[in-house]
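Reviewing the structure listed below.
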Amino acid sequence: MDVIYLLVLLLVGALATYLSGDKLASKVALLFSLGAFGYSLYLLNLLEAGVNLDYTAAWITKPNIAFALKTDGLAMAMLLLTTALTPMIVFSGFGNDYKNARSIYALILFMSFAMAGTFLAADGLLYYIFWELALIPIYFIALLWGNGDAEERKKAVLKFFIYTLGGSLFMLTGFVYLYLQAGSFLLTDLYQLRLSCAQQFWIFMAFFLAYAIKIPIIPFHTWQAKVYQKAPTVGTMLLSGIMLKMGLYSVLRWQLPIAPLAAKGHQYVLIGLSVAGVIYGSIVALRQKDLKKLLAYSSLAHVGLIAAGAYTLTLDGLRGAVLQMIAHGFTVVGLFFVAEIIFRRYETRLIAEMGGIRQQTPKFTSMFLLLVLASVALPSTFNFVGEFTVLYSLFQVNLGFAILGGLTIILGAYYMLKMFQHAMLGEVNAKPFADVTFNEGLLLVLIVAVLFFFGLYSKPITDLISPSIENILIHINR
Amino acid sequence: MDTTLALVLVLAPFAGFLINVFFGKTLGKSVSGTIGTLSVAVSFVVSLMLFMQVNATKTPIQIALFDWIQVGNFKVDFGFLLDQLSLLWLLFVTGIGSLIHLYSISYMHDDEKMHTFFAYLNLFVFFMITLVVGSNLLIMFIGWEGVGLCSYLLIGFWYKNQEYNDAAKKAFIMNRIGDLGLLIGIFILGAAFSTVDFATLKTALETSNSVNPNWIVLAALALFIGACGKSAQIPLYTWLPDAMAGPTPVSALIHAATMVTAGIFMVTRMNFLFSLTPEVQTIIAVIGAATALVAATIALVQNDIKKVLAYSTVSQLGLMFLALGCGAYQVAVFHVITHAFFKACLFLGSGSVIHALHGEQDMRRMGGLKKVMPITYITMLISSLAISGIFPLAGFWSKDEILMTAFHHNIALWVIGSIASIMTAFYMFRLMFLTFWKDFRGTEEQKHHLHESPKLITIPLIILAILAAIGGAINLPGNAWLNHYLAPLFSVAHQEHVLGTTEYMLMGIALAGGIIGIAIAYMKYAKQGQLPEEDAQITGFSKVLYDKYYVDEVYEFLFVKPINALSRFFRDYIETAVSGFVFGLGKATMVLGAQGRKVQNGNIGLYLFFFVLGVIAIISYLFLAQ
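Protein chains in written order, with numbering that gives the first Met the number 0: chain A, 0 to 477; chain B, 0 to 625.
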């Protein structure tokens, strides 16, 4: 029962934000999202004390759809990621003056609600509803508050919307088929299904289309860069920080345990595709002129590695994937915030128009550099823990995968340092760069602190997620 | 007690870093520099205490703090190992580190960001200590990448110059190529032995024989690739000469005395692995010898005083790897230490010269400095004699050990090592004569301002020169303290060379080689007073050497250009194509829909036609199915 209050809190928060008017909206949204974060910490406490937080209630009897939520360690980790990032994302908007502010902040909270629901849902149809629900707010955020030419933006956002929706329809078909087999959408019932190899293959493929587009895995990624570039930064943060983790999380929660044979049978293809994304994303990132697009391709590379970890079907791979999801979530939000901070001062996202900023603002530069270092997974950052674990799992499958995936540590350093050099270093820029405001600095410090704290001491998170991952592995290896 | 001491040892420089980052600017330059220096000095004192303890008890100190990373079959402690090897390294890292910090107080005093400089330098020492004291491969890896980061920050310290930034970036990326190798090595060992802890790995490797030997070879090779990156060996050496873009104290500390020896440290640390793989040892010896020779030939013709020293460092590191490849770990360690003394002294001395000349680094614009800078001259002279292997200075003993080992291993390696050594003597004295002898060739303006450097600069020079002179005493043949001290680390007892006729002959040849090298340099540059040509006049093979065999250009052609071209190709064509394909799918649907819409045109007749067609189809199917 307790978990529902969290969803209610976020939903009410969205409503309250909308009603509070443009002036107060940001503060109300921050208050509610912080409340949600606090409440998730309370839930974490309950979970660690051994309280069973799972919740199931009958909802629709024909067809048999239940309002079922599952809160194990894995879901809890994703929930915490969502509720921790949401206030940060809201807070990052404080420096902007949005028109119709109440709507955008309400949409952020609503999106947070839908994503939290996706992570918690333990009934296929409920999960599907949350999954699609999350698409609506981001569609409007990107469309209405985005930047650049309106027509082009509309095109990019619409493409993204139809593309992901289209992919999800295959997943829905998959669920309907599963329902016909199991007579229920409940996760627990679906786990019990003993499907044949062929059945698993089709289910797996149906899910794969939805997830490959959402994550994205190449070649299903073409919506990403444009949308990241065109969306307002809060939207990009929501997308890259949390929403793409919905896809990765679903791989672990739904795809692998329901159709493990398909995953095992095509393991090399799946890992190969994911690793190809790592290299492809890194190489494309090298030659990007737009900072946000560069970060988008860097994100493509990083999630490729996460997906590769998940498809190893090993304890290390799954655990590393989850660790890396969390690390990546914070890092990417931080980096997009950096892009936003520069945009607020220089009104450009083109790296060529930056440069020579370091002299003017050493503090901001340090924070930026720390985020860059986290992104390239310097040991002692949380990203290293995740990346190391994933690469180790790849090694257990095949040495070649570890080497190819490991290229990320070389290529990643290349494009990130190159970008940093041209954005920040060099002769002092003639245009003045105002030092970061207190709010901006605070947010950056928070993110960096999280990344370095867990980089040195990741045990709490590892302990939290390990039992649920072991449980998933039991289903995979049944 | 030990834990506290160890934490002080590690955290003192980190505290210095934090203070300088947050309060450095307010504290002012002198205070900032003093704090930076003291924090390293504290580590030195603690190292000394721990060293005496371990030297007396002969028992290494193991400290485990907390779990850091957990993977399926092993977990990694955040732990320290203070044994003979790490303490030895700590002593010269923190000792020379303190001297270089002291030197920097004066050297960097005119720089507006002096506190930042000390912050980075402290951070470097912190990571270097972490690298050395880590009790397992992964903690070592934190330090390993951490020093790489500091190297990046310090090479690009004058960040307004994009060329310097390029050099910094290059160093970081090339190191990362090696780091991938190191990581793969860690994976192999972790998967095979369920541990990456040095002590347990040692036992496991010595007792277990269930592991496929190919994996062990591969692991050793992978680790060696890591060492190549950090210690600038072929093919990953080209970043080190470029790294001279950093301020000179950085070159002395990081790119000569400490960080670049990390590869040798790691191989020595993992000696129990390398000793099992003679194939890899051969590769190490060959690469080391090749690097020693190639770098020495390049150093022959360089005119930038720091570039000469940089290639000299690469060459000397090559000699150390030659020793490692021969399985003579003690000998390599011995040369690491003596090299740290004289090379740090030489770099700091060159810094003193550059300082006096207001940034001039081209030896063609120097000359005649020995009268105005006597202390710099004498200390550098001692160090040059030491590196040239002149009896009885430190370099003589350590280099002689290397050559002797090579001789007993393979005569070809000995020949290569000896040639490299003769070249070393030549280019070092070319440097000395061009810089200090004859008349001053700079501008009148510079001539007016020539001066000996202040005490904060000369004192470290004097101390290092003394060490360069007498440092060999720690491992004299017949009374080899270092060999005995390090003996517990090695499973195979080190064969001490019995001093027979051959050995004395080898010593004589090495000494004669050094003297010949010096003599040629003397004839050319002191007696005849030749000057190196201006850049445009350099021709023939000298030009090939002067342009460093065009290796940078080859790498640019083979790797950098193709990958950037690929990136543009992906960006401009593949991305558009894939995206176009998706749009094509959308368009196809629309076309299909448009065609479909034509059917829904309200024409009852057409509907009826299709209805009848359908009914017929169903009925015929039912019949046929029966």
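Yeah, the Cβ is synthetic: ideal placement off N, Cα and C, and Gly gets one too.
Please read all numbers here as calculations on a predicted model, not as lab measurements.
- Bounds of the beta strand (DSSP E) holding Trp67/B are Ile60 to Val70.
- Between the alpha carbons of Asp434/A and Ile356/A lies a distance of about 10 Å.
- Residue environment: Phe609/B is assigned as exposed (fewer than 16 neighbouring CB atoms within 10 Å of its CB, all protein chains considered).
- Judged by beta-carbon spacing, Leu47/B lies beyond the 8 Å limit of Val132/B, meaning their Cβ atoms are not closer than that value.
- Phe169/A sits away from Ala141/A, with the two beta carbons spaced by 8 Å or more.
- Interface flag for Gly184/B against chain A is unset, since no Cβ pair is found closer than 8 Å.
- Our two residues, Tyr328/B and Ala288/B, have alpha carbons roughly 15 Å apart in a direct line.
- Here DSSP, grouped into helix, strand and coil, assigns Tyr456/A to coil.
- Collapsing the DSSP output to three states places Ile456/B in a helix.
- DSSP places Asn54/B in the helix class (H, G or I) of the three-state scheme.
- When beta bridges are read from the DSSP output, Ile128/A appears opposite no residue.
- Using a C-beta cut-off of 8 Å, the region 268-278 of chain B makes no contact with the region 228-246 of chain B, since fewer than three inter-stretch Cβ pairs fall below that distance.
- Per DSSP, Tyr54/A is one residue of the beta strand (DSSP E) stretching across Tyr54 to Ile59.
- For Ala120/A, the three-state secondary structure derived from DSSP is strand.
- Interface criterion not met: the Cβ of Gln232/B is under 8 Å from no Cβ in chain A.
- Contact of Ser417/B with chain A is not assigned, every C-beta pair being separated by 8 Å or more.
- Taking CB atoms only, Ala190/B has a neighbour in chain A less than 8 Å away.
- At a C-beta separation below 7 Å, Pro218/A has these neighbours in chain B: Val577.
- Listed along chain B, no residue sits closer than 9 Å to Asp434/A by beta-carbon distance, the nearest being about 14 Å off.
- For Pro378/A, the closest Cβ of chain B is nearer than 8 Å.
- For Leu530/B, no alpha helix (DSSP H) encloses it, and the DSSP letter there is neither H nor E.
- Straight through space, the alpha carbons of Lys74/B and Gly34/A are spaced by roughly 36 Å.
- The C-beta of Asn164/B comes closer than 8 Å to at least one C-beta of chain A.
- If you draw a 10 Å sphere on the C-beta of Leu377/A, you find 16 or more other C-beta atoms in it, and that means buried.
- The Cβ atoms of Gly147/A and Phe129/A do not sit closer than 8 Å to each other.
- Using a CB distance cut-off of 8 Å, Lys342/B does not count as an interface residue toward chain A.
- As a beta-bridge residue in DSSP terms, Ala65/A pairs with Ala57/A.
- In this structure Gln420/A is buried. Its beta-carbon is surrounded by 16 or more other beta-carbon atoms within 10 angstroms.
- Closest in alpha carbon position to Ala429/A, among Ala56/A, Gln358/A and Ala373/A, is Gln358/A.
- Residue pairing for Gly78/B: DSSP places it in a beta bridge opposite Ala63/B.
- For Ile562/B, a Cβ of chain A is located within less than 8 Å of the residue's own Cβ.
- Asp96/A has no beta-bridge partner at all, per DSSP.
- Thr237/B is classed as buried because its beta carbon has at least 16 other beta carbons within 10 Å across all chains shown.
- Excluding the 5 residues flanking it on each side, Ile401/B has same chain C-beta neighbours closer than 7 Å at Leu318, Leu321, Ala322, Val330, His334 and Gly416, in chain order.
- Between Gly71/B and Asp315/A, the CB-CB gap stays under 8 Å.
- Residue-level contact check: Gly425/A touches chain B, since one or more beta carbons of chain B fall below 8 Å from its beta carbon.
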